[in-house]
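Just so we're aligned, residue 2 is where the sequence shown starts under our numbering, counting upward by one. Idealized CB from N, CA, C, for every residue including glycine. Reviewing the structure listed below.
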Amino acid sequence: MAQTLQRIRDMAAHSMTANTRLIAHHDLNGCGDGMQLIKVGDYVYVAHVGSSDKALTILDCADVENPQVVRQLSHPPNTHNHKVQIVGNTLIQNSEWISYLPPSGDTPPVCGVNVYNLDDPTDPKKVAFYPTGDRNGVHRIWFRDAPYAWIAAQAPGARSRGLRVLDLSDPANPQLAGSWWLPGQKDTDAERWEALDPHHNHLQVHGVIPHPNGQRAYASCTDAGMVILDTSDLNDIRYLSRINWCPPFGGYSHTSLPLPGRDLVVEVCETVDGGRERNGDKRIWLIDVRAELNPVMVSSFKAPVPPQGSPWASFDDRPLRFGPHNVHENYANGYVSERLIFSTYFNAGVRIHDISDPDRPEEVGYFIPPSPEGQAAPQINDLWVDPNGLIYCTDRRTGGVYIAEYTGPKI
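Given below as structure tokens:
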């Protein structure tokens, strides 16, 4: 439920902030397990991690200080739908096996992409399902410019997660427009990419974001680094180059966000459970892609440090996950900047960086809500920023959705 004014004042008093302030909070009707979210008009669409029975919550945020749930959809057993994207009146959600939760009975997961009509923004109507034909399904999705949706899923005939591009010209009839996979994912591949670090050996596509020109795409390939793809012909997507920092740094490339006006890519490495010993040194990097056949790492964000007076010398000392997860992805209907980067760091909350000088990223703000009741620390997971600097962010476990305002300079 939405919180009372007094409760918000209490939460704000116990939040850690710099150039931000808490506006509102909603626990998603007690579910709380928020993942990706997007705002269109007055409505915020929140996908769920899957630890609850919910797949999607729609919040009416016309009154931003008093968000209200208007619809909740559920997911099938052993399946989660933790991503959501919208273009026009088409909403899509991934459908994937939940790998990090114990199975519930013998029901097989539903694997693919759900497609909804959103003529009524409060009542999605399912019009299609695109099956991937495997038992893993779809992880991250990118759908910002019609008609193509870029989905992380096994390419036909491949053994692990690659890229499929779906043509949603007719949303009721999704069609495969192209695919790509890491070398070695098919038995017929002449080349095979090998893990360089025995402690970080996930080699798969985590997500792909295309360049606005449609000619290139940037693939986050977990411990294989960031890959630049030639997508000028979707029937023949080709590898151009890659850059990998694992080892000596921690891998698990999560998001590769291009800043096309500056020939930069913001590269986020996800921190997983297990602390620094398991993760290694995971960072958000800035990569120069002016010479696309030779991408170069130019800098990284400094690790956040607790504010003065905190009980921890480092956020590594705080319970639960600490480290990067994702960034605001410059959605066209949201806040778009190639100099101000909003990111999530789990127990260190939302961090805001000015990258006007790409050699020296500077932290200019942060927002860390208090620990949700019964939870050892917040786990701020994903975020979306509107054109006015309102930050909508989710807690991965039980915290729900927080709405905060960035009060620093907009650049």
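Open item on the list: Applying the 10 Å Cβ sphere with the 16-neighbour rule, what's the burial state of Ser-344?
Closed with: So Ser-344 ends up on the buried side.
TODO: Compare the beta carbon distance of Gly-35 and Asp-396 with 8 Å and say whether it is the shorter of the two.
DONE: Yes, Cβ-Cβ distance for Gly-35 and Asp-396 is below 8 Å.
- [ ] Flag this pair as yes or no: are the beta carbons of Gln-51 and Trp-143 separated by less than 8 Å?
- [x] Residue identity check: residue 51 is Gly in the sequence provided, not Gln. The answer is no: Cβ separation not under 8 Å.
- [ ] Kindly provide the ranges of any beta strand (DSSP E) runs that are 3 or more residues long and lie completely inside the region 133–216, ordered along the chain.
- [x] Assignment of beta strand (DSSP E) within the region 133–216, counting only whole runs of 3 or more residues, yields 149–155, 162–168, 176–181 and 208–211 in chain order.
Task: Spatial neighbours of Asn-115 in its chain, beta-carbon cut-off 7 Å, leaving aside the 5 residues before and after - done: Same-chain partners within the cutoff: Asn-82, Ile-93, Gln-94, Ser-96, Lys-127 and Phe-130.
- [ ] Evaluate Gly-89 with the Cβ neighbour count: other Cβ atoms within 10 Å of its Cβ, from every protein chain shown; 16 or more gives buried, anything less gives exposed.
- [x] Per the 10 Å Cβ criterion, exposed.
TODO: Confirm, please, whether the CB-CB distance from Thr-21 to Glu-406 is below 8 Å.
DONE: In this structure, Thr-21 lies closer than 8 Å to Glu-406 by Cβ.
Open item on the list: Please report the distance separating the alpha-carbon of Val-70 from that of Tyr-393.
Closed with: Val-70 and Tyr-393 have their C-alpha atoms spaced approximately 15 Å apart.
Open item on the list: Assuming Arg-239 is part of the beta strand (DSSP E), what are its boundary residues?
Closed with: Per DSSP, the unbroken beta strand (DSSP E) holding Arg-239 starts and ends at 239–244.
Open item on the list: Quick check on Ser-257: buried or exposed, where buried means 16 or more other Cβ atoms within 10 Å of its Cβ?
Closed with: Counting the other CB atoms within 10 Å of its CB gives Ser-257 a total of 16 or more, which places it among the buried residues.
Task: Three or more C-beta pairs below 8 Å linking the region 316–336 and the region 235–247 - done: Output reads no: the region 235–247 does not touch the region 316–336.
- [ ] State whether the region 218–225 contacts the region 251–268, with contact taken as three or more CB pairs (one from each stretch) at a distance under 8 Å.
- [x] Yes, they touch.
- [ ] On the DSSP bridge assignment, give the partners of Thr-399 in chain order.
- [x] Bridge partners of Thr-399: none, in fact.
- [ ] Below 7 Å CB to CB, which residues in the same chain sit around Glu-66 once its five sequence neighbours on both sides are set aside?
- [x] Ile-24 and Ala-25.
Task: DSSP state of Asn-115 mapped onto helix, strand, coil - done: If DSSP states are grouped into helix, strand and coil, Asn-115 belongs with the strands.
Task: Where the beta strand (DSSP E) containing Gly-366 begins and where it ends - done: For Gly-366, the enclosing beta strand (DSSP E) stretches over residues 363–369.
TODO: Grab the span of the alpha helix (DSSP H) containing Arg-8 for me, first residue to last.
DONE: Start and end: 6–14.
Open item on the list: According to DSSP, is Phe-323 part of a helix, a strand, or is it coil?
Closed with: DSSP places Phe-323 in strand when its eight states are reduced to three.
Open item on the list: Can you give me the C-alpha to C-alpha distance between Ala-377 and Asp-64, rounded to a whole angstrom?
Closed with: Spanning the two alpha carbons is a distance of roughly 30 Å.
TODO: Count the other CB atoms, across all protein chains shown, that sit within 10 Å of the CB of Lys-40; report buried if there are 16 or more and exposed otherwise.
DONE: Lys-40 comes out buried.
- [ ] State the CB to CB distance for the pair Pro-68 and Ile-404, rounded to an integer number of angstroms; the pair is presumed to be in contact (CB under 8 Å).
- [x] Correct: roughly 7 Å between the Cβ atoms.
TODO: Could you pull the start and end residues of the beta strand (DSSP E) that Gly-35 belongs to?
DONE: Per DSSP, Gly-35 belongs to the beta strand (DSSP E) from 35–41.
Open item on the list: Under 7 Å: does the beta carbon of Arg-162 sit that close to some heavy atom of the ligand ZN?
Closed with: This structure simply doesn't include the ligand ZN, nor any ligand for that matter.
TODO: Tell me where the alpha helix (DSSP H) around Asn-331 begins and ends.
DONE: Segment: none, Asn-331 is in no alpha helix (DSSP H) and carries neither H nor E.
Open item on the list: Is it the case that the region 100–108 contacts the region 152–160, given that we only count it when at least three CB pairs across the two stretches are under 8 Å?
Closed with: No, because fewer than three Cβ pairs between the region 152–160 and the region 100–108 fall closer than 8 Å, the two stretches do not touch.
Open item on the list: With a threshold of 6 Å on Cβ separation, who are the neighbours of Gly-33 within its own chain once the five nearest residues in sequence on each side are excluded?
Closed with: Thr-399, Gly-400 and Gly-401.
TODO: List the endpoints of the continuous beta strand (DSSP E) containing Arg-291.
DONE: It is not in any beta strand (DSSP E) - Arg-291 carries neither H nor E in the DSSP assignment.
- [ ] Name the two residues that bound the continuous alpha helix (DSSP H) containing Glu-278.
- [x] Looking at the DSSP string, the run of the alpha helix (DSSP H) that includes Glu-278 is 276–280.
TODO: With a threshold of 16 other CB atoms inside 10 Å of the CB of Cys-101, please say whether the residue is buried or exposed.
DONE: Rather than Cys, the amino acid found at residue 101 in this sequence is Tyr. Under this definition Tyr-101 is an exposed residue.
Open item on the list: Suppose the cutoff is 8 Å on Cβ atoms and the five residues either side in sequence are ignored; what does the same chain contact list for Ser-301 look like?
Closed with: Around Ser-301, the same chain offers Arg-284, Ile-285, Trp-286, Leu-287 and Pro-362 as residues with beta carbons nearer than 8 Å, after the five sequence neighbours per side are excluded.
TODO: Tell whether a beta-carbon distance below 8 Å holds between Ile-238 and Gly-179.
DONE: Taking 8 Å as the cut-off, the beta carbon of Ile-238 is found closer than this to the beta carbon of Gly-179.
TODO: May I ask which residues mark the beginning and end of the beta strand (DSSP E) holding Cys-270?
DONE: 265–270 is the extent of the beta strand (DSSP E) around Cys-270.
Task: Between the CA atoms of Pro-379 and Pro-410 - distance to the nearest angstrom - done: In a straight line, the C-alpha of Pro-410 is about 26 Å away from that of Pro-379.
- [ ] Rank Gly-138, Pro-373, Pro-308 and Pro-312 by C-alpha distance to the C-alpha of Arg-8 and give the top, closest one.
- [x] Of the listed residues, the one whose Cα sits closest to Arg-8 is Pro-373.
- [ ] Go ahead and pull the three-state DSSP assignment for Asp-383.
- [x] Three-state DSSP puts Asp-383 in a strand.
Open item on the list: At the level of alpha carbons, what is the spacing between Thr-91 and Ser-170?
Closed with: Thr-91 and Ser-170 have their alpha carbons spaced roughly 10 Å apart.
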